[in-house]
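*Asks:* Starting off with a structure, shown below.
Chains as they are written, first to last, in the working numbering: chain Y, 1 to 325; chain F, 326 to 764.
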């Protein structure tokens with residue numbers, strides 16, 4: 001055993017970042033606490049921090065072995081903080097900044113996934129400025145004529161279903177657009193796909209993306225809203241999903257493909273709707289998936305008989321080793 | 326079913342989901358409450374919470390009181406007490422209430438763990454599921470939460486700049502009686518109302534009492550802010566005009582500090598006896614330690630002078646808020662309270678304070694949407710702004726940011742004007758109270 005291997009066998013000094021200033025702060029704090037607990041249970045020395053003006057000096061002075069990001073929302077997922085960590089040479093668990101930026105923008109991610117040949121619902125992507133310039137009435141008329149059936153309106157970035165509406169009556173489109181623009185300057189109008197909603201978590205094992213069992217999501221209300229996501233009892237999860245083995249494999253392959261083509265790293269979560277013919281329709285990808293009590297990644301780990309403590313620890317060691325090379 | 330024919334059982338992550346009482350049905354984390362998590366960040370100017378500015382209370386006064394209590398009565402302070410509260414404090418509470426014209430006896434007072442507990446106990450004593458509680462429109466979010474928890478039906482009654490409107494009360498009662506509904510009590514915050522900021526005029530107080538007396542409706546008078554006037558004192562309490570028809574709730578949370586959790590109820594004797602039994606069932610006894618420290622503070626400190634100090638602090642902050650609203654949001658309307666902690670801002674109908682909150686968070690300002698203060702889904706075009714905690718400079722900054730939020734929202738809505746309905750569907754999920762420690 002080399003000296004480097006002996007060092008790797010010791011516990012790591014890990015800083016878990018959670019909270020931040022974003023709409024998802026509350027979820028992030030919950031994810032962070034669970035991640036910190038799991039890493040501590042794995043024997044590491046863990047510090048939980050809420051990013052503020054003292055963070056960067058703290059990291060550059062204390063030089064933790066690795067930073068574990070649990071910063072949902074723009075705070076951690078838009079690539080800015082990751083860029084800074086990369087510039088400062090601080091190892092972290094998660095995707096590189098460029099990949100994070102691609103994934104953070106839902107329209108960009110969808111375009112890349114569609115170009116790779118995967119099924120992506122028809123979308124129209126519009127900025128607030130576009131409505132102002134072209135006239136909202138005209139734009140909405142074209143939008144209404146472009147789709148059949150229900151559409152999903154969502155912000156161009158952000159998670160936790162914030163700002164997301166399902167519109168059946170096109171008279172409700174204006175309100176749905178306003179709600180989406182509350183969270184982002186860009187909004188997506190997307191054809192609603194009817195089918196089974198699933199989340200496929202990816203973890204990298206020895207550098208190779210591995211799909212965990214798909215988690216099937218069945219909200220009691222029928223809509224996987226913020227409240228349905230974060231209140232136990234309001235959604236029924238099937239982990240593994242009730243998909244046939246063939247369809248489950250198809251979804252897993254698609255998730256791995258998304259993870260790879262966007263250049264993601266360590267962990268991610270890809271959300272799909274699987275239609276009646278077993279086609280997994282890409283909805284979005286998340287580079288910092290939720291780790292809360294009601295999040296799908298921990299459920300998937302459990303379904304795969306993996307310990308969250310071991311998996312997070314393995315990811316942390318892999319990230320630390322990247323720096324050590 | 327999988328292809329192997331295995332039946333997969335779902336997991337809703339709450340094995341007791343089907344066991345909860347019906348009254349617990351609405352208790353769930355909401356997106357609005359999650360957004361308040363951002364308000365705890367120092368970068369955010371929070372105009373949302375109701376935390377008193379306890380830094381204006383010299384800590385040495387409290388430490389001195391604590392030392393005296395422990396030195397002279399340590400074992401008693403650390404022990405269970407009586408369910409009614411310690412007699413000495415109840416005597417002192419009579420002195421506090423006398424300032425607002427209230428006369429009572431020690432045997433009509435019960436000390437509680439905050440007046441919030443008193444509110445809870447009164448509701449527990451009187452409300453069966455479906456019973457009606459009349460409340461002002463808007464009303465205190467913490468009270469609405471308590472009333473819901475006992476499955477009361479809250480019916481709001483209109484207010485104006487002089488408080489509860491007697492004719493509106495009369496009509497509401499007649500309407501409900503016509504429907505065969507059972508009205509148990511009127512819940513009112515007559516002074517420096519939370520959230521509306523208004524005060525029930527002296528002229529209306531006897532009329533409100535007459536209406537309730539004629540209809541055999543008890544009044545629950547909640548008065549945590551009554552001594553925190555800026556100019557003229559508030560009119561004498563409703564309880565000062567009627568000893569048998571009013572249960573009066575008082576608190577040291579705003580005139581001293583909320584951390585002690587000491588409040589009280591002054592009630593007709595028979596009700597008071599039941600309140601003691603109900604309180605004992607809930608907490609055995611209120612905190613002996615807290616009560617004794619509060620009592621010692623009242624004995625040895627210039628508590629009236631301290632209330633004057635608080636008044637000065639809050640007046641300055643209120644003025645800062647009104648000035649900032651006038652400068653930055655002249656298109657809106659608001660109440661200008663003569664005391665208390667809150668300003669109620671009314672916006673044009675096109676604006677929705679709940680839907681606007683995510684934008685506000687992005688602009689680093691927080692407020693409480695008006696929907697939190699109604700049991701019936703109203704309040705979307707209003708918001709409560711609190712001036713009790715932030716400095717005058719922070720208040721000015723917060724209102725300036727709020728103006729940016731409002732203008733941004735108006736700009737966005739203007740883009741879509743005339744294209745269809747921009748109104749928001751009423752949610753069947755109510756907005757629970759912001760956390761008590763929200764600054």
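Note that the Cβ used here is the ideal one computed from N, Cα and C, for glycine as well.
Taking CB distances under 8 Å as the criterion, tell me whether residue 696 of chain F reaches chain C.
*Replies:* Note that chain C does not occur in the displayed structure, where the protein chains are Y and F.
*Asks:* Quick check on the burial criterion: 16 or more other C-beta atoms within 10 angstroms. Buried or exposed for residue 174 of chain Y?
*Replies:* As a working mapping, residue 174 of chain Y is identified with position 174 in the first chain. Buried: at least 16 other Cβ atoms inside 10 Å.
*Asks:* Nearest CA to the CA of residue 563 of chain F: which residue from F:529, F:540, F:660, F:552?
*Replies:* For the purposes of this step, residue 563 of chain F is taken as residue 238 along the second chain, with counting starting at 1. Out of F:529, F:540, F:660, F:552, F:529 has the C-alpha closest to the C-alpha of residue 563 of chain F.
*Asks:* Starting from residue 191 of chain Y, follow its DSSP beta bridges and name the residues at the other end.
*Replies:* For the purposes of this step, residue 191 of chain Y is identified with residue 191 of the first chain, where counting begins at 1. DSSP lists Y:151 as partners of residue 191 of chain Y.
*Asks:* Which class does residue 617 of chain F belong to by DSSP, given the choice of helix, strand or coil?
*Replies:* Against the second chain, residue 617 of chain F aligns to sequence position 292. Secondary structure at residue 617 of chain F: helix, using DSSP grouped into helix, strand and coil.
*Asks:* Is there at least one Cβ from chain Y nearer than 8 Å to residue 326 of chain F's Cβ?
*Replies:* As a working mapping, residue 326 of chain F is identified with position 1 in the second chain. For residue 326 of chain F, the predicted model reports a pLDDT of 44, less than 50, meaning its position is unreliable; a value from the coordinates is still stated below. Judged by the 8 Å Cβ criterion, residue 326 of chain F is in contact with chain Y.
*Asks:* Which whole-angstrom value is the C-beta distance of residue 696 of chain F and residue 709 of chain F, which I expect to be below 8 Å?
*Replies:* What you label residue 696 of chain F is simply residue 371 of the second chain in a count that begins at 1. What you label residue 709 of chain F is simply residue 384 of the second chain in a count that begins at 1. 11 Å between Cβ atoms; not a contact.
*Asks:* Report yes or no: is there a C-beta of chain F within less than 8 Å of the C-beta of residue 231 of chain Y?
*Replies:* Within the first chain, numbered from 1, the residue matching residue 231 of chain Y stands at position 231. By this cut-off, residue 231 of chain Y is an interface position.
*Asks:* Quick check on DSSP: helix, strand or coil for residue 515 of chain F?
*Replies:* Within the second chain, residue 515 of chain F is the residue found at index 190, counting from 1. In the structure shown, residue 515 of chain F sits in coil (DSSP, three-state: anything other than H, G, I, E or B).
*Asks:* Using a 10 Å radius around the Cβ and a threshold of 16 neighbouring Cβ atoms, would you call residue 285 of chain Y buried or exposed?
*Replies:* On the first chain, residue 285 of chain Y is found 285 positions in, with the first residue counted as 1. The residue in question, residue 285 of chain Y, is buried, as its Cβ has 16 or more Cβ neighbours within 10 Å.
*Asks:* Got a sec: which bits of the segment 184–205 of chain Y sit with their beta carbon under 9 Å from any beta carbon on chain F, in order along the chain?
*Replies:* Contact residues of the segment 184–205 of chain Y toward chain F are absent (C-beta to C-beta distance below 9 Å).
*Asks:* Below 9 Å on C-beta distance, what does residue 237 of chain Y contact in chain F?
*Replies:* Your numbering for residue 237 of chain Y matches position 237 in the first chain. Near residue 237 of chain Y (Cβ distances below 9 Å), the residues of chain F are 335, 336, 337, 338.
*Asks:* Which residue wins for smallest C-alpha separation from residue 59 of chain Y, given the options Y:140, Y:182, Y:16, Y:317?
*Replies:* Residue mapping note: residue 59 of chain Y aligns to position 59 of the first chain, counting from 1. Considering only alpha carbons, the answer is Y:16.
*Asks:* Tell me the start and end of each unbroken beta strand (DSSP E) in the segment 217–274 of chain Y that is at least 3 residues and wholly inside, in chain order.
*Replies:* 235–238, 267–274
*Asks:* Run through the segment 545–616 of chain F for me and flag every whole alpha helix (DSSP H) of 4 or more residues, listed as ranges in chain order.
*Replies:* 563–566, 594–608
*Asks:* With distances taken from CA atoms, which of F:700, F:360, F:714, F:729 is nearest residue 457 of chain F?
*Replies:* Taking the first residue of the second chain as 1, we reach residue 457 of chain F at position 132. It is F:700 whose Cα lies nearest to the Cα of residue 457 of chain F.
*Asks:* Can you grab the Cα-Cα spacing for the pair residue 537 of chain F / residue 597 of chain F, in whole Å?
*Replies:* Position 212 of the second chain, counting from 1, holds the residue named residue 537 of chain F. Position 272 of the second chain, counting from 1, holds the residue named residue 597 of chain F. About 20 Å.
*Asks:* Name, going along the chain, the residues of the segment 49–65 of chain Y whose beta-carbon falls closer than 7 Å to a beta-carbon of chain F.
*Replies:* Those residues of the segment 49–65 of chain Y that come within reach of chain F (Cβ to Cβ, closer than 7 Å) do not exist; the list is empty.
*Asks:* Express the C-alpha separation of residue 613 of chain F and residue 398 of chain F in angstroms, rounding to a whole number.
*Replies:* Numbered from its first residue, the second chain carries residue 398 of chain F at position 73. Numbered from its first residue, the second chain carries residue 613 of chain F at position 288. One C-alpha to the other measures close to 10 Å.
*Asks:* Below 7 Å on C-beta distance, what does residue 528 of chain F contact in chain Y?
*Replies:* Here residue 528 of chain F is taken as the residue at index 203 of the second chain, counted from 1. Residues of chain Y whose Cβ lies closer than 7 Å to the Cβ of residue 528 of chain F do not exist, since the nearest Cβ in that chain is about 43 Å away.
*Asks:* Can you find the residues in the same chain that come closer than 7 Å, C-beta to C-beta, to residue 327 of chain F, ignoring five residues on each side of it along the sequence?
*Replies:* The sequence position of residue 327 of chain F within the second chain is 2, counting from 1. Its pLDDT being 46, under 50, residue 327 of chain F is placed unreliably in this model, and the value from its coordinates should be taken loosely. Exclusion of the five residues before and after residue 327 of chain F leaves 333 as the residues of its chain whose Cβ lies within less than 7 Å of its Cβ.
*Asks:* Look up residue 475 of chain F in the DSSP assignment and say whether it is helix, strand or coil.
*Replies:* Here residue 475 of chain F is taken as the residue at index 150 of the second chain, counted from 1. Here residue 475 of chain F sits in coil by DSSP.
*Asks:* With a threshold of 16 other CB atoms inside 10 Å of the CB of residue 484 of chain F, please say whether the residue is buried or exposed.
*Replies:* For the purposes of this step, residue 484 of chain F is taken as the residue at position 159 of the second chain. Residue 484 of chain F is buried by the Cβ-count criterion.
*Asks:* Below 6 Å CB to CB, which residues in the same chain sit around residue 640 of chain F once its five sequence neighbours on both sides are set aside?
*Replies:* One-based indexing of the second chain puts residue 640 of chain F at position 315. Around residue 640 of chain F: 555.
*Asks:* Quick one: which chain Y residues come within Cβ less than 7 Å of residue 362 of chain F?
*Replies:* The residue labelled residue 362 of chain F in the question sits at position 37 within the second chain. By Cβ distance, chain Y contributes 25, 26, 29.
*Asks:* Do residue 70 of chain Y and residue 32 of chain Y have their C-beta atoms closer together than 8 Å?
*Replies:* For the purposes of this step, residue 70 of chain Y is taken as residue 70 along the first chain, with counting starting at 1. For the purposes of this step, residue 32 of chain Y is taken as residue 32 along the first chain, with counting starting at 1. Yes, these two residues count as a Cβ contact at 8 Å.
*Asks:* Just checking, does the segment 414–422 of chain F make contact with the segment 647–659 of chain F on the three C-beta pairs under 8 Å criterion?
*Replies:* no
*Asks:* Nearest-angstrom Cα distance between residue 75 of chain Y and residue 20 of chain Y?
*Replies:* Taking the first chain and counting its residues from 1, the one referred to as residue 75 of chain Y is at position 75. Taking the first chain and counting its residues from 1, the one referred to as residue 20 of chain Y is at position 20. So the alpha carbons of these two residues sit roughly 6 Å apart.
*Asks:* DSSP beta-bridge partners for residue 202 of chain Y?
*Replies:* The count along the first chain starts at 1 and reaches residue 202 of chain Y at position 202. Bridge partners of residue 202 of chain Y: Y:211, Y:268.
*Asks:* Taking its Cβ as the centre, do 16 or more other Cβ atoms sit within 10 Å of residue 428 of chain F, making it buried, or is it exposed?
*Replies:* As a first step, residue 428 of chain F must be located in the second chain, where it is residue number 103. Answer is exposed; the Cβ neighbour count stays below 16.
*Asks:* Starting from the beta carbon of residue 179 of chain Y, find every residue of chain F whose beta carbon is closer than 7 Å, and list them in chain order.
*Replies:* Position 179 of the first chain holds residue 179 of chain Y. Those within 7 Å of residue 179 of chain Y in chain F are 680.
*Asks:* How long is the line joining the alpha carbons of residue 350 of chain F and residue 473 of chain F, rounded to whole angstroms?
*Replies:* Here residue 350 of chain F refers to the residue found at position 25 of the second chain. Here residue 473 of chain F refers to the residue found at position 148 of the second chain. Looking at the two C-alpha atoms, the distance is approximately 10 Å.
*Asks:* Leaving aside the five residues before and after residue 490 of chain F along the sequence, list all residues of the same chain whose C-beta is less than 6 Å from its C-beta, in chain order.
*Replies:* Numbered from 1 along the second chain, position 165 holds the residue referred to as residue 490 of chain F. When the five nearest sequence neighbours on each side are left out, the beta carbons in the same chain lying within less than 6 Å of the beta carbon of residue 490 of chain F are those of 483, in order along the chain.
*Asks:* For residue 36 of chain Y versus residue 29 of chain Y, is the C-beta spacing smaller than 8 Å?
*Replies:* For the purposes of this step, residue 36 of chain Y is taken as the residue at position 36 of the first chain. For the purposes of this step, residue 29 of chain Y is taken as the residue at position 29 of the first chain. Contact flag unset, no.
*Asks:* Which residue or residues does DSSP assign as beta-bridge partners of residue 671 of chain F?
*Replies:* Counted from its first residue, the second chain places residue 671 of chain F at position 346. According to DSSP, which records beta bridges pairwise, residue 671 of chain F is partnered with F:658, F:707.
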